[in-house]
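Sequence order for the protein chains is A and B. Residue numbers are given in the numbering used here: position 6 of the first sequence equals residue 9, and the series is strictly consecutive. Residue numbers are given in the numbering used here: position 89 of the second sequence equals residue 91, and the series is strictly consecutive. In this text, a Cβ means the ideal position worked out from N, Cα and C, and glycines have one as well. If you're wondering where the values come from, they're calculated on a predicted model, not measured in any experiment. I have placed the structure first, in the form of structure tokens, so that the comments after it can refer back to it.
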Amino acid sequence: MAKMRGAVVVDVERCKGCELCIVNCPQNVLANIAAQVNSKGYPYVYMKNPGDCTGCTNCAVVCPDGVLTVYRVKE
Amino acid sequence: MELKDIIKPENLVYKRTECLTDKVLSYCPGCGHGTAHRLVMETIEELGIQSETIGVASVGCSVLSYDFMDVDMTGAAHGRATAVATGIKRCNPEKYVFTYQGDGDLAAIGTAETIHACNRGENITIIFINNGIYGMTGGQMAPTTLLGMKSSTTPYGRESALMGNPIKITELVAQLPGTYFVTRQSVHTPANVRKAKKAIMKAFDNQKLKKGLSFVEIVSNCNSGWKMTPVTANKWMEDNMFPFYPLGDIKVDGELVKK
């Protein structure tokens, strides 16, 4: 079976660090670090385990601020 | 495969809709308003009706929704959004008209306007965000606040003897003959977001078919008002709000759904 590979691009300045995408990611790809903040002081999200992303779009669908753009490709 | 090989325009599967403006949303982190805004605008984008839609913003946290939604919008006096929408729709029957209101606006000061617009069966769409609290003014008790729920004006929890009972305005308007589609959704998980989007799509479709009023309630969190983190607020909402405000369709195609 073909494996789906995905990637998430984060609009860092829009992210408010609410963590809803982190808890709704089935593959535990996303995370944030309290020390890494954007210009407004929010700890923004990033891809911690990029190899596990399947591009399911769950994170982007649940994000209140429309921060995430998702790409998917069949490997 | 490297990430740069995946991040290419031809592999794009999801991006923020262009019917939202570039402004950063003024809502608190994790607020359901942002998701609800996006769903309404995605629906408008998919139906291709951006230039034919007129929105009415209410008073409350959503008062600034005209800054974020890239369609023609107007602001109504507190609670009067459905009355303003009635006027707009009657003057421009070919336009799509929707109101975007919170519970303090629609279910408190605007109860009369809401009920009469629903009873008249105006051909508009009402998007109703219910977070059980007056979020913008500092978390005071709203008519929709649950019994026992703490707010800044009910520090020991709401009691029915002193403060009355919470109102299920969605069930109430479903009893009126003018409403065609009445539903209650939420936007706290991906599955619920997708269901909510289907409901909003149906609500706008009904307007096209001139079927009557569509009423979409979205049960949302208010993590600042509830004094919780966004993740715990969503859990609290599942445990406490949903038993009282059960999700699902209440009236479909003018017929009450039997439970």
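Put B/Ser53 into one of helix, strand or coil per three-state DSSP. Along the second sequence, read from residue 1 onward, the residue named residue 53 of chain B stands at position 51. Of the three classes helix, strand and coil, the one that applies to B/Ser53 here is helix, per DSSP.
Classify B/Cys93: buried if its beta carbon has 16 or more other beta carbons within 10 angstroms, exposed otherwise. As a first step, residue 93 of chain B must be located in the second sequence, where it is residue number 91. The residue in question, B/Cys93, is exposed, as its Cβ has fewer than 16 Cβ neighbours within 10 Å.
Bridge partners of B/Ser153, per DSSP? Position 151 of the second sequence holds residue 153 of chain B. B/Ser153 is bridged to B/Thr156.
Sequence ranges, beta strand (DSSP E) only - wholly within the region 17-43 of chain A, length at least 3: 33-40
DSSP three-state label for A/Lys61, please. Working through the first sequence from its first residue, we reach residue 61 of chain A at position 58. The amino acid at residue 61 of chain A is misidentified as Lys; the sequence shows Asn. Looking at A/Asn61 - three-state DSSP - the assignment turns out to be helix.
Any beta carbon from chain B within less than 8 Å of A/Leu33's own beta carbon? Reading the first sequence from its first residue, position 30 is the one you call residue 33 of chain A. Not one chain B Cβ lies under 8 Å of A/Leu33.
Tell me which residue opens and which closes the alpha helix (DSSP H) that B/Asn194 is part of. Indexing the second sequence from 1 puts residue 194 of chain B at position 192. B/Asn194 -> alpha helix (DSSP H) spans Pro192 to Lys210.
Flag this pair as yes or no: are the beta carbons of B/Gly227 and B/Gly150 separated by less than 8 Å? Indexing the second sequence from 1 puts residue 227 of chain B at position 225. Indexing the second sequence from 1 puts residue 150 of chain B at position 148. Contact flag unset, no.
On the CB-based measure, 16 or more other CB atoms within 10 Å of its CB, does A/Tyr61 come out buried or exposed? For this step, residue 61 of chain A is matched to residue 58 along the first sequence. It is worth fixing the name first, because residue 61 of chain A is Asn in this sequence and not Tyr. The residue in question, A/Asn61, is buried, as its Cβ has 16 or more Cβ neighbours within 10 Å.
Proximity of B/Val221 and A/Leu23 at Cβ, strictly below 8 Å: Within the second sequence, residue 221 of chain B is the residue found at index 219, counting from 1. Within the first sequence, residue 23 of chain A is the residue found at index 20, counting from 1. No, Cβ-Cβ distance for B/Val221 and A/Leu23 is not below 8 Å.
Which chain B residues sit within Cβ distance under 7 Å of A/Glu19? By one-based count along the first sequence, residue 19 of chain A stands at place 16. Sequence inspection shows Lys at residue 19 of chain A; the Glu mentioned does not correspond to that position. Those within 7 Å of A/Lys19 in chain B are Pro31.
According to DSSP, is B/Ser28 helix, strand or coil? As a position in the second sequence, residue 28 of chain B is number 26, starting the count at 1. DSSP places B/Ser28 in coil when its eight states are reduced to three.
Along the chain, where does the beta strand (DSSP E) containing A/Tyr74 start, and where does it finish? Within the first sequence, residue 74 of chain A is the residue found at index 71, counting from 1. Note, A/Tyr74: beta strand (DSSP E), Leu71 to Lys77.
Assigned exposure category for B/Pro168 - 16 Cβ within 10 Å defines buried: As a working note, residue 168 of chain B is residue 166 in the second sequence. Burial call: buried.
Work out the CA separation of B/Ala79 and B/Glu124 for me, nearest whole Å. Numbered from 1 along the second sequence, position 122 holds the residue referred to as residue 124 of chain B. Numbered from 1 along the second sequence, position 77 holds the residue referred to as residue 79 of chain B. Their Cα atoms are separated by approximately 19 Å.
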